[in-house]
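So for the sequence shown, our numbering puts the first residue at 290; every next one is plus one. Note that CB positions come from ideal geometry on N, CA and C, so glycine has one too.
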Amino acid sequence: MQSISDEINKRRTFAIISHPDAGKTTLTEKFLLYGGAINLAGSVKGKATARHAVSDWMEIEKERGISVTSSVLEFEYDGYHINILDTPGHQDFSEDTYRTLMAADSAVMVIDASKGVEAQTRKLFKVCGMRGIPIFTFINKLDRDANDTFELLDEIEKELGIATCPINWPIGCGKNFKGVYDRQKRQVITYSDTEKGTKEGETAVYSIEDDTNVISAITKEKYDILTEEIELLDGASAEYDLDRVRDGKLTPVFFGSALTNFGVEIFLQYFLKMTTTPLARKSREELIDPVEHDFSAFVFKIQANMNKAHRDRIAFMRICSGKFEAAKEVKHIQGGKIMRLSQPQQIMADSRKILDEAYAGDIIGVFDPGIFSIGDTVCAPNEDIVYEGIPTFAPEHFARVRQVDTMKRKQFVKGITQIAKEGAIQIFQEYNTGLEEIIVGVVGVLQFDVLKYRLENEYNVDIRLEPLPYEHIRWIGNKEIDLDKITGTSDMKKIKDLKDRPLLLFINAWSVGMTLERNEGLELLEFGTQ
Ligand code: G4P
């Protein structure tokens with residue numbers, strides 16, 4: 290029998306981040322393939338099917354063919370127990386995407402080799418950077434024409450501010466893609482097209498010293514370029530240093546092609562060795578070691594209406610320490626209650642598996658009768674742990690909400706407050722205008738549709754959303770400040786949140802700077818500081 294610490298130490302919990310279309314879904318599928326969770330022949334799906342396979346509980350997802358929620362994929366590989374937190378890759382992502390990263394111990398960043406660092410990679414990276422978790426880079430689509438490899442690395446270093454250390458190196462690209470060179474093993478692994486990953490590739494492995502065979506496999510021209518590049522790399526690139534990787538200061542870089550399934554298993558094997566076991570997590574008092582404490586977990590996401598027939602709400606928890614046993618009671622810190630978690634389950638795609646036990650590193654979904662909030666802690670009754678809350682991320686899109694039927698004010702307020710409590714939207718009010726209107730802020734514009742859809746379907750309330758032009762929100766850091774005395778730019782709007790805290794909205798970043806200049810001593814705060 291394995292001990293609790295063996296179980297915890299074999300867990301690897303990570304998120305895959307990328308800009309839409311870089312290949313996150315394809316890479317995830319190939320990972321699942323190695324774990325035996327799906328079979329080879331069935332691995333390649335059209336985009337729509339692939340997306341639906343992940344999560345299709347909400348009508349809106351079906352209509353748009355995208356995944357609004359994040360799910361967890363779990364499988365075993367080579368003695369490891371792997372939990373992949375799936376973050377929606379669509380343009381219209383939400384705060385959930387960010388919060389999911391709070392539950393991960395590391396991140397895999399997928400970059401399209403012909404596009405380099407893109408807008409959404411930048412945003413997601415910023416959140417990973419804030420937590421200082423290890424980040425691994427997979428540069429994808431080498432079977433297509435790619436940007437210069439050195440330039441790609443340079444771009445990652447400059448744009449994201451993280452040092453890079455290539456673990457392998459591509460040999461050519463597009464039609465001339467010949468394979469990768471493994472710098473640690475000093476081996477050339479040749480590429481073979483596996484017809485979109487539907488059959489096992491016949492790759493060959495040669496030592497770089499075996500020049501005759503290497504040349505016949507990749508051509509003399511490619512061999513000369515490769516040896517020159519290796520020399521350059523050995524002299525110029527950052528040295529591999531596991532401590533720096535674990536601190537999030539250095540990203541190991543891998544190259545491959547998820548679609549043709551080349552370089553994916555090599556990446557997976559290195560990644561699993563280099564990434565961390567479940568990390569210790571900060572509570573208000575101390576760092577909680579996953580092995581030394583009894584069960585504890587925090588809520589990072591709440592999803593309502595996952596099953597229309599049941600109208601249920603699921604609270605997703607990341608287990609941070611110890612072993613969870615369904616039969617045992619736990620303590621909900623914020624509610625001050627000892628309770629048994631109801632219907633603990635592991636949720637993958639649209640299937641649910643009731644769990645008897647789970648360990649630090651795992652994600653469980655439990656039925657929530659309306660008692661949990663994002664950031665709450667639950668733990669064994671003998672533990673007294675309060676995890677630090679999850680930061681609020683600054684919304685980037687705002688709209689004024691108007692009810693179509695003003696008689697339904699009560700349902701409207703109930704609905705919108707509930708949806709805000711789940712963290713899907715943030716609500717604000719006008720400041721000193723006497724108007725009772727509500728302003729909604731979201732991280733991704735799709736949340737507006739979700740809000741409208743849910744108010745109609747769950748609360749029977751029709752709304753009209755009038756988009757507002759603001760893109761920047763700032764909380765005011767100074768405790769004693771007279772909001773009326775702040776002189777901003779003409780595009781600045783004063784609002785307050787539900788706790789009556791003042792906030793400022795701006796159309797552009799320039800106005801934020803101007804307002805700071807015009808009001809000496811004013812402190813404006815970005816996300817994570819609320
Ligand atoms: P995402 O989750 O990051 O949004 O990306 P996804 O995996 O859906 O991939 C986006 C498109 O890029 C897909 O093509 C996919 O087949 C393709 N792709 C992914 N990895 C590679 C790769 O290594 N090489 C090449 N050449 N293409 C790759 P699509 O035509 O949009 O969809 P589909 O119908 O092929 O699924």
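Quiz prompt | For residue 495, the three-state DSSP class (helix, strand or coil) | solution = strand
Quiz prompt | Inside the stretch 414 to 469 only - beta strand (DSSP E) runs reaching at least 3 residues | solution = 424 to 429, 452 to 455 and 457 to 460
Quiz item: With a CB to CB cut of under 6 Å and the five nearest residues on each side skipped, what residues in its chain are close to residue 440?
Solution: none
Practice problem: Give every residue of the same chain whose Cβ lies closer than 8 Å to the Cβ of residue 606, excluding the five residues on either side of it in the sequence, and list them in chain order. | Solution: 586, 587, 588, 589, 652, 653, 654, 655 and 667
Quiz item: Comparing the CB of residue 433 with every heavy atom of the ligand G4P, is any distance shorter than 7 Å?
Solution: yes
Quiz item: Who are the Cβ neighbours of residue 416 in its own chain at under 6 Å, not counting the five residues just before and after it?
Solution: 387 and 390
Self-check item: Neighbour-count burial assignment, residue 712, 16 or more Cβ in a 10 Å radius
Solution: buried
Quiz item: Buried or exposed: where does residue 721 fall if 16 or more other Cβ atoms within 10 Å of its Cβ makes it buried?
Solution: exposed
Quiz item: If you draw a straight line from the alpha carbon of residue 787 to that of residue 729, how long is it in whole angstroms?
Solution: 11 Å
Exercise. Give a yes or no on whether the minimum CB-CB distance between residue 650 and chain C is below 8 Å.
Key: Chain labels in this structure do not include chain C; a single protein chain is all it has.
Quiz item: Is the stretch 565 to 576 close to the stretch 543 to 557, with three or more CB pairs under 8 Å?
Solution: no
Quiz item: Which whole runs of the alpha helix (DSSP H) in the stretch 514 to 564 are 4 residues long or more, in chain order?
Solution: 531 to 535 and 553 to 563
Quiz item: Quick one: is residue 468 buried, meaning 16 or more other Cβ sit within 10 Å of its Cβ, or exposed?
Solution: buried
Quiz item: So, helix, strand or coil for residue 746, using DSSP?
Solution: helix
Quiz prompt | heavy atom of the ligand G4P below 7 Å from residue 588 C-beta | solution = no
Quiz prompt | Those runs of the beta strand (DSSP E) which lie wholly inside the stretch 746 to 803 and span at least 3 residues | solution = 752 to 757, 761 to 765, 782 to 786 and 791 to 795
Exercise. Identify the continuous beta strand (DSSP E) that holds residue 710 and give its terminal residues.
Key: Taken as a continuous stretch (DSSP letters only), residue 710 belongs to no beta strand (DSSP E), being part of the alpha helix (DSSP H) at 698 to 710.
Practice problem: Would you identify the three-state DSSP class for residue 814, choosing helix, strand or coil? | Solution: strand
Quiz prompt | Any non-hydrogen atom of the ligand G4P closer than 7 Å to residue 548 Cβ | solution = yes
Quiz prompt | When 617, 518 and 564 are compared against residue 532, the one with the closest alpha-carbon | solution = 564
Quiz prompt | Residue burial classification, residue 494 (beta-carbon count within 10 angstroms, cutoff 16) | solution = exposed
Quiz item: With DSSP run on the structure shown, which of helix, strand or coil describes residue 629?
Solution: coil
Quiz prompt | Residue from 371, 422 and 436 with nearest C-alpha to residue 428 | solution = 436
Quiz item: Using a Cβ-Cβ cut-off of 8 Å (strictly less than) and excluding sequence neighbours within five positions of residue 507, which residues of its own chain qualify?
Solution: 460, 461, 467, 468, 477, 479 and 515
Quiz prompt | the ligand G4P heavy atom lying under 7 Å from the CB of residue 399 | solution = yes
Quiz item: Alpha carbon to alpha carbon, how far is residue 710 from residue 663?
Solution: 8 Å
Quiz prompt | Straight-line gap, residue 540 to residue 310 (C-alpha atoms, nearest Å) | solution = 21 Å
Exercise. Just grab the DSSP bridge partners of residue 361 for me.
Key: 374
Quiz item: When you compare only the Cα positions, how much space is there between residue 761 and residue 807?
Solution: 18 Å
Exercise. Please report how far the alpha carbon of residue 523 lies from the alpha carbon of residue 780, in whole angstroms.
Key: 52 Å
Quiz item: Does the Cβ of residue 896 lie closer than 7 Å to at least one heavy atom of the ligand G4P?
Solution: Residue numbering for the chain in the displayed model covers 290 to 819; residue 896 lies beyond these limits and cannot be assessed.
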